[in-house]
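Keeping their order, the protein sequence lines are chains A and B.
58 is the number of the first residue of the first sequence in my numbering; add one for each residue after it.
295 is the number of the first residue of the second sequence in my numbering; add one for each residue after it.
The C-beta atom is built at its ideal place from N, Cα and C for all residues, glycine as well.
These numbers come from a predicted model, not from an experiment.
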Amino acid sequence: MKNTNLAKRLQDSAIWIFIALELAFFGIAGEFLSLSDGNFLAPDNMLLLIKQTVPLGIIALGMTIIMINGNIDLSVGPIFALCAIVMLDSMTWPIFAGLGDGVIVIAWALAILVGVVLGAINGFIVWKTGVDAFIVTLGSMLGYRGLVFLYNGEQPTYHLNWTLVDIAESAPLGIPLPILIFAGCILFTWWLTKRTVHGRNAFAIGDNRTAAVNAGIRVGPHMVWNYVLIGLLVAISSATFYSASGSVNPNDGMLYELWIITAVVLGGTKLTGGRGSIIGTVGGVIAIQLMRKGLGHIGADTAMVNLVIGSILIVVLYLDRQLNRKGEEELNS
Amino acid sequence: MSAQAPVLELKDIVKTFPGVIALDHVSLDILPGEVHALMGENGAGKSTLMKVLGGIYQPDEGDILVAGEKTILRTPLEAKGKGIVFIHQELSLAEELSVAENIYMGELPRKSLGRVDWSKLFSDVDEILGRLNCNFNAQTIVGDLSIANQQMVEIARALTVEATTVIFDEPTASLTDAEKVVLFDIIEDLKSRGVGIVYISHRMEEIFKISDRISVLRDGEYRGTLKASDTNQDELTQLMIGRSLEHTRPDLSQSNGDVALEVKGLSCGKLFHDVSFKVHAGEVVGFYGLVGAGRTEVAETIFGMRNKSSGEIFLNGEKVEINSPADAIAHGISLVPEDRKGQGLVLGMNCRDNMTLPQIDDLTVSGLTAPQSEQEIFKKYRDQLEIKTPNWKQTVGNLSGGNQQKIVIGKWLSMHPNLLIVDEPTRGIDVGSKSEIHNLIRELAGQGYAIIVISSEMPEILSVSDKIVAMFHGEIVHTFTSSNVTEDKLVQAISGIYEPENAA
Ligand SMILES: Nc1ncnc2c1ncn2[C@@H]1O[C@H](COP(=O)(O)OP(=O)(O)OP(=O)(O)O)[C@@H](O)[C@H]1O
Ligand SMILES: [Mg+2]
Numbered sequence: 058m059k060n061t062n063l064a065k066r067l068q069d070s071a072i073w074i075f076i077a078l079e080l081a082f083f084g085i086a087g088e089f090l091s092l093s094d095g096n097f098l099a100p101d102n103m104l105l106l107i108k109q110t111v112p113l114g115i116i117a118l119g120m121t122i123i124m125i126n127g128n129i130d131l132s133v134g135p136i137f138a139l140c141a142i143v144m145l146d147s148m149t150w151p152i153f154a155g156l157g158d159g160v161i162v163i164a165w166a167l168a169i170l171v172g173v174v175l176g177a178i179n180g181f182i183v184w185k186t187g188v189d190a191f192i193v194t195l196g197s198m199l200g201y202r203g204l205v206f207l208y209n210g211e212q213p214t215y216h217l218n219w220t221l222v223d224i225a226e227s228a229p230l231g232i233p234l235p236i237l238i239f240a241g242c243i244l245f246t247w248w249l250t251k252r253t254v255h256g257r258n259a260f261a262i263g264d265n266r267t268a269a270v271n272a273g274i275r276v277g278p279h280m281v282w283n284y285v286l287i288g289l290l291v292a293i294s295s296a297t298f299y300s301a302s303g304s305v306n307p308n309d310g311m312l313y314e315l316w317i318i319t320a321v322v323l324g325g326t327k328l329t330g331g332r333g334s335i336i337g338t339v340g341g342v343i344a345i346q347l348m349r350k351g352l353g354h355i356g357a358d359t360a361m362v363n364l365v366i367g368s369i370l371i372v373v374l375y376l377d378r379q380l381n382r383k384g385e386e387e388l389n390s
Numbered sequence: 295m296s297a298q299a300p301v302l303e304l305k306d307i308v309k310t311f312p313g314v315i316a317l318d319h320v321s322l323d324i325l326p327g328e329v330h331a332l333m334g335e336n337g338a339g340k341s342t343l344m345k346v347l348g349g350i351y352q353p354d355e356g357d358i359l360v361a362g363e364k365t366i367l368r369t370p371l372e373a374k375g376k377g378i379v380f381i382h383q384e385l386s387l388a389e390e391l392s393v394a395e396n397i398y399m400g401e402l403p404r405k406s407l408g409r410v411d412w413s414k415l416f417s418d419v420d421e422i423l424g425r426l427n428c429n430f431n432a433q434t435i436v437g438d439l440s441i442a443n444q445q446m447v448e449i450a451r452a453l454t455v456e457a458t459t460v461i462f463d464e465p466t467a468s469l470t471d472a473e474k475v476v477l478f479d480i481i482e483d484l485k486s487r488g489v490g491i492v493y494i495s496h497r498m499e500e501i502f503k504i505s506d507r508i509s510v511l512r513d514g515e516y517r518g519t520l521k522a523s524d525t526n527q528d529e530l531t532q533l534m535i536g537r538s539l540e541h542t543r544p545d546l547s548q549s550n551g552d553v554a555l556e557v558k559g560l561s562c563g564k565l566f567h568d569v570s571f572k573v574h575a576g577e578v579v580g581f582y583g584l585v586g587a588g589r590t591e592v593a594e595t596i597f598g599m600r601n602k603s604s605g606e607i608f609l610n611g612e613k614v615e616i617n618s619p620a621d622a623i624a625h626g627i628s629l630v631p632e633d634r635k636g637q638g639l640v641l642g643m644n645c646r647d648n649m650t651l652p653q654i655d656d657l658t659v660s661g662l663t664a665p666q667s668e669q670e671i672f673k674k675y676r677d678q679l680e681i682k683t684p685n686w687k688q689t690v691g692n693l694s695g696g697n698q699q700k701i702v703i704g705k706w707l708s709m710h711p712n713l714l715i716v717d718e719p720t721r722g723i724d725v726g727s728k729s730e731i732h733n734l735i736r737e738l739a740g741q742g743y744a745i746i747v748i749s750s751e752m753p754e755i756l757s758v759s760d761k762i763v764a765m766f767h768g769e770i771v772h773t774f775t776s777s778n779v780t781e782d783k784l785v786q787a788i789s790g791i792y793e794p795e796n797a798a
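See the structure below:
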């Protein structure tokens, strides 16, 4: 019993230990290897790093809940791009011409609407057809990307509104707005998974679906709500990011799903559902961003970064299995 | 009692699955404050009938009357809403979640904003666990509990709502005697409060101990309802399987074969220590003890599922190192596991493929599977074990609980092992097939197989073993031979109060 708890606790904190190791390594290695003379661990650099995790991070929160529930969402990339296109383009629509900067609020609302609707579509198809979520969202990933290209062909969509950029770049209380938004989303999703009936039911469904059905949990509607939630979070992420940049390429968000799933799994969420945590996922996204930045800092190129992160993912999952085994040995004793 | 209106009535229920008529015009009524036992062979349709009652299956025909009113139960939730609580045959728990969340699954107490009311949840559950004398608390993670304790969690679900009817589908299959006593107390308590109880079990002693009326199903047909006080085992057996059973103890052949397995000083962490014994070819060695005495763990260690911390294993006189089940299989050891769902079966695969799974390599011809030989193996063991399935293509998950167990046994028998270890071989198996399996074990011993049988049922151990190893707290207390064993001595041995001097 004791050992099981120890193993569990080790597992829960594994990602943070890993982050600490990364920090130590890049802090020291950076001194010797880096071409720039900036200190990797400088607060400014760290703040920037966290800011850069925001777009993926917010979506990963939603993915965590989807995966706890035993599903997956591969279509987050194109939804991310579509929300941005609608947000930026809507500001140029003639009907909103008289609104001045009030159009910003409408643009945000439209982006959110797009995310929620596309998420709901995924959810309803998964529920009503009973087709595996992997297949459904693989289909919608292709389909939604098609919509992105239909909108503006190969052309980027852009619109610069300086008020919007100012808001996006603002830093109330000295903390960049995106980080505050991220923090808000973390709090909300943490609360949802830990404290609410909906969240706990998601765990039950992912862990043992038959048991959940037998217990009278309405599995379908729960799944739809979770897809709506991830749609909402993708929209928030997209609005946060593109309000500052003002321009979307039709290929934006490609491979996001893979990075996000990697981060979520690194953070201790089970691919098959039933186990996972928001805090773990936050650790997962930060660990990946640290790795990318850190390797860049000591002069590795992108190819190298991908190789390293891929290997780490496998090693982490292997260690996780080993820890689980240790726990099982003590069962019944 | 006869004056009371039934809490629940089933009228002419028909339920078919592709190729199977699981229920053929079955009627049943449950009175308030009675324990109504439901009996029948494996695959007779007991669980199916109860799933109709529990809102899990919809009947093709027939009516359900709750408190005299015709009712349609579309989902488990609706059934629960009508006060029908279902304790399932197969554990249906979320292992990563806490005991409390499992017990109140689907009905977590809420506060504002859809929040879970944790303090109410935990205190309610701790109160229920207290009534059940459980030695774990509301916040324990279910996956950390033993199978028996998980069963207690299932049972605790019956106490959460104001039930009018509680269905127990083979609740005692993995309980210790002490836990059974608690369960029977709970049933008495529910009874006295006017709850109607449906109780499914293959264990005759239990049925006669607690039930008021007994209904029998056979091949999906209703065979009648008897008062427990007016009937006896033979009449019931006759009704269930259409013939009576001879109560003969199978021949015990005195073994004269070589030592097939010798275990010396085997230990595994805290689970068991210094276990030594021998099994001869042609001999059945029974391992008897309470749930948790370490019997299963010894078997799993011999089979390479656990790493031993010290000790040696000899097969046919040669020392062997077994580090994985694959090693064990290569040495001709087979294990029929206790937990068939988790370890024995691929539930989504069909019957034939499950049965031939461990020897698929031997059956392939230049890399291609050989359906013909697979078919033959399947047919042979289907007939020998009387497995009830429409055809080989049936998904194992759709078989009745007892028939799933038979598939597991068939699977390992078909391997013609040198050493066969069977852990609780007749759990959830009906009386007819039970003696069938006992005979089969004796027959195999007669053919020279060395066999280890682990069982918590005294009659079973006594009837099949040549030698009985009694375990207590991870240690071997004593090894009895079939001539000097008595029930009393066995009971003393497994509760740790046996004095070897007394041995004859
Ligand atoms: N979902 C299903 N699909 C197809 N066949 C099924 C399904 N569920 C049950 N059956 C079949 O219906 C019959 C009755 O099964 P049931 O589980 O009710 O038996 P049981 O009386 O509970 O037996 P046991 O004592 O072994 O638990 C069996 O032949 C079984 O194979
Ligand atoms: Mg059954």
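A/F97 to A/T338 span [Cα, whole Å]: 23 Å
A/A190, enclosing beta strand (DSSP E) - first and last residue: No beta strand (DSSP E) holds A/A190; the alpha helix (DSSP H) holding it covers 190-209.
Contact test: B/A472 Cβ vs ligand 1 heavy atom, cutoff 7 Å: no
Chain-ordered residues of the segment 341-359 of chain B with a beta carbon less than 8 Å from chain A: G348, I350
Counted within 10 angstroms of its Cβ, other Cβ atoms place B/E303 as buried (16 or more) or exposed: buried
beta-carbon B/D463 near ligand 2 non-hydrogen atom, thresh 7 Å: yes
8 Å Cβ cutoff met for B/V716 and B/V763: no
A/V133 vs A/I317 beta-carbon contact at 8 Å: yes
Ligand 1 heavy atom lying under 7 Å from the CB of B/G334: yes
Cβ of A/H279 within 8 Å of any chain B Cβ: The C-beta of A/H279 comes no closer than 8 Å to any C-beta of chain B.
Local conformation of A/E386 per DSSP, three classes: Note that A/E386 scores a pLDDT of 42, beneath 50, so its modelled location is shaky and nothing firm can be said.
Simplified DSSP state of B/F766, which is helix, strand or coil: strand
Within-8 Å CB hit, B/Q786 to chain A: Not flagged as an interface residue toward chain A: B/Q786, since no C-beta distance is shorter than 8 Å.
Interfacial residues, the segment 241-269 of chain A to chain B, with Cβ spacing under 7 Å: Listed in sequence order: R252, T253, V254, H255, R257, F260, A261, D264, N265, T267, A268, A269.
Anticipated Cβ contact below 8 Å, B/I755 with B/G580, distance rounded: Indeed, because the Cβ distance is near 4 Å, the residues count as touching under 8 Å.
Min CB distance B/T369 to chain A below 8 Å: yes
Short CB-CB distance (under 8 Å) between B/T388 and chain A: Note on residue identity: the sequence assigns Ala, not Thr, to residue 388 of chain B. Chain A, which has a Cβ nearer than 8 Å to the Cβ of B/A388, makes this yes.
heavy atom of ligand 2 below 7 Å from B/G691 C-beta: Checking the Cβ of B/G691 against ligand 2 gives no.
Contact list for the segment 390-404 of chain B against chain A, Cβ threshold 9 Å: E390, L391, E395, N396, Y398, M399, G400, E401, L402, P403, R404
When B/G339, B/Y675, B/I703, B/Q669 are compared against B/K687, the one with the closest alpha-carbon: B/Q669
B/F311, DSSP secondary structure in three states: strand
Closest Cα partner of B/G377 within the set B/I491, B/L415, B/T310: The option with the nearest alpha carbon to B/G377 is B/I491.
Three CB pairs or more closer than 8 Å across the segment 380-387 of chain B and the segment 341-350 of chain B: yes
Which listed residue (A/V111, A/I129, A/F298, A/G310) has its alpha carbon closest to that of A/T194: With respect to the C-alpha of A/T194, the residue from A/V111, A/I129, A/F298, A/G310 having the closest C-alpha is A/I129.
Opposing strand residues paired with B/E335 [DSSP bridges]: According to DSSP, which records beta bridges pairwise, B/E335 is partnered with nothing at all.
DSSP state of B/F608 mapped onto helix, strand, coil: strand
Contact with chain A by B/H382, beta-carbon distance below 8 Å: By this cut-off, B/H382 is an interface position.
Near ligand 3: B/S341 beta-carbon under 7 Å from a heavy atom: Absence of ligand 3 is noted for the structure shown, with ligand 1 and ligand 2 being the only ligands found.
Under 8 Å between C-beta atoms of A/S295 and A/C140: yes
As assigned by DSSP and simplified to three states, the class of B/T369: coil
Burial state of B/H732 (16 or more Cβ within 10 Å): Residue burial is scored here from C-beta neighbours: B/H732 has at least 16 other C-beta atoms within 10 angstroms and is therefore classed as buried.
Neighbour flag for B/K374 against chain A, beta carbons, 8 Å: yes
B/S468 beta carbon near ligand 2 (any heavy atom closer than 7 Å): no
Contact the segment 552-564 of chain B vs the segment 598-608 of chain B: 3+ CB pairs below 8 Å: yes
Ligand 1 heavy atom lying under 7 Å from the CB of B/D724: yes
Beta-bridge partners of B/T683, as assigned by DSSP: In the DSSP output, where bridge partners are listed per residue, B/T683 has none listed.
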